[in-house]
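Peer 1:
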Amino acid sequence: MRNFNSDSSPALSRFAKDKRLRTERTTTRTERVTSTRTTTTRTERTKRASFNPNFTEDNRPKRNIESGKRRTESGKPYRSESKGGFKAKSDSFNRGNRKPMGKGAGYKAKPTAERSYPKYNPNKVSGEIRLNRFVAQSGLCSRREADDFIAAGLVSVNGVIVTELGTKVKPTDVVKFNDERLQGEKNVYLVLNKPKGYVTTLEDDHAEKTVMELVQNACKERIYPVGRLDKNSLGLLLFTNDGDITRQLTHPSLRKKKIYEVALDKPLTRADFEQLAEGITLEDGDIYFDEISYIKDDKKSVGVEIHSGRNRIVRRMFEHLGYKVTKLDRVYYAGLTKKNLKRGAWRFLTSDEVARLKAGRYE
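Residue numbers (the working numbering): 11 to 373.
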């Protein structure tokens, strides 16, 4: 009796049959293609349907039979078949013609023009001003350093060396420093989103980092910070070389609106919330927040608005009630905001912002 489990003849029969069929189909197609190629010329060849269903007659490239060049719908030759075709920019891209990269080789940036940024003409001075102020407004140094230069006999007015401090000059006077005439430079204004750990000062030998390091490449003018944010505070800080704006913003009689986001070590109770709004008494007098509100449901984050310019006033108010400020971020100052400004980044003020500062519109 035949064992069908071990008998392989049916499988071999089927395999041979399949192989024979495939061979016949292949031979037939080969013969058909060969005969077509030998009997059909290029102009008489029938058009083959595209394998891409989206490649229709409407979007098929046109072929100019007479010239043998393909053309686009507009009738223009393809770029690859146009005069010159695609060419390498340099023979150095060819494998056999590469030049060795020696010292000084490679890409060299083209010299660019000096970067432009918004500058504004300073306010015209009609009367006399102090000599140290005139020197400082030229961008040479600060007023304190100008006094040192004047006392050392390095400054002359109308050809005469002046060493007396407090001397006043007119806008028409010729002031020179080391025989070079000093002229008032244009004003520049920018704001910085100050990060934590930077000291707000021009120079400090004991400070690891100062805010001037963040804006040192912003402009060629000698700018300085307006006001102060302590080392652990964050947020908006204004820089300028406009002495008039600096005096207006830092003068204690001119109350400027400031808004802070404050993070506390524990939730602020409703009683303390009301007390900060009504007013508390510190060692330097009474003080209160103009506005105060909770920012988050945990009541550890609050927003405060204040006009006072006392030193560390926001921290001292919360510390007076037994709270520790873990984060202090100034988001608004004298009509300016740090919206869309990343931490540690800066931007120049717009012309509208500068106009509002000069007009005293700080709200």
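Cβ coordinates follow ideal geometry from the N, Cα and C atoms, glycine included.
Using 10 angstroms around the beta-carbon of K219, count the other beta-carbons present and answer buried if the total reaches 16, otherwise exposed.
Peer 2: exposed
Peer 1: If we count the other Cβ atoms within 10 Å of its Cβ and call it buried at 16 or more, is V170 buried or exposed?
Peer 2: exposed
Peer 1: Tell me whether R353 is buried or exposed, calling it buried when 16 or more other Cβ atoms sit within 10 Å of its Cβ.
Peer 2: exposed
Peer 1: What ranges does the beta strand (DSSP E) occupy inside the stretch 160-188, keeping only unbroken runs of at least 3 residues that lie completely in it?
Peer 2: 165-167, 185-187
Peer 1: Can you name the start and end residues of the alpha helix (DSSP H) that V324 belongs to?
Peer 2: V324 -> alpha helix (DSSP H) spans 323-330.
Peer 1: Mind checking G245: buried by the 16 CB within 10 Å criterion, or exposed?
Peer 2: buried
Peer 1: So what does DSSP say about A273, is it helix, strand or coil?
Peer 2: Residue state, collapsed to three classes: strand.
Peer 1: What three-state label does DSSP hand K204 in the structure shown?
Peer 2: Looking at K204 - three-state DSSP - the assignment turns out to be strand.
Peer 1: Are the Cβ atoms of D9 and P132 separated by less than 9 Å?
Peer 2: Because residue 9 is not part of the residues shown, which for the chain are 11 to 373, the question remains open.
Peer 1: With DSSP as the reference, label G137 as helix, strand or coil.
Peer 2: coil
Peer 1: Taking C-alpha atoms, which residue in A355, Q193, V198, F187 lies nearest to A365?
Peer 2: In this structure, V198 is the residue among A355, Q193, V198, F187 with its C-alpha nearest to the C-alpha of A365.
Peer 1: Given 8 Å as the limit, is there contact between the stretch 326-336 and the stretch 286-302, that is, 3 or more CB pairs closer than that?
Peer 2: yes
Peer 1: Is the beta carbon of G313 closer than 9 Å to that of I269?
Peer 2: The answer is yes: Cβ separation under 9 Å.
Peer 1: Is the number of C-beta pairs between the stretch 298-308 and the stretch 336-345 that are closer than 8 Å three or more?
Peer 2: Note that the stretch 298-308 does not touch the stretch 336-345; fewer than 3 beta-carbon pairs, one per stretch, sit closer than 8 Å.
Peer 1: Roughly how many angstroms separate the alpha carbons of A162 and E288, rounded to a whole number?
Peer 2: 54 Å
Peer 1: According to DSSP, R265 sits in a beta bridge with which residue or residues?
Peer 2: Note: R265 sits in no beta bridge, so no partner.
Peer 1: What first and last residue would you give for the alpha helix (DSSP H) that runs through L367?
Peer 2: 361-369
Peer 1: Between which residues of its own chain and V172 is the CB-CB distance below 7 Å, once the five residues before and five after are set aside?
Peer 2: L141, I160, V165, S166
Peer 1: Does the stretch 279-286 come into contact with the stretch 259-266, if we say contact requires no fewer than three beta-carbon pairs (one atom in each stretch) closer than 8 Å?
Peer 2: no
Peer 1: Could you give the first and the last residue of the continuous alpha helix (DSSP H) run that contains E288?
Peer 2: For E288, the enclosing alpha helix (DSSP H) has its first and last residue at 280-288.
Peer 1: Any idea what DSSP makes of E231, helix, strand or coil?
Peer 2: coil
Peer 1: Of the residues A369, E373, K368, H330, which one's Cα is nearest the Cα of T347?
Peer 2: E373
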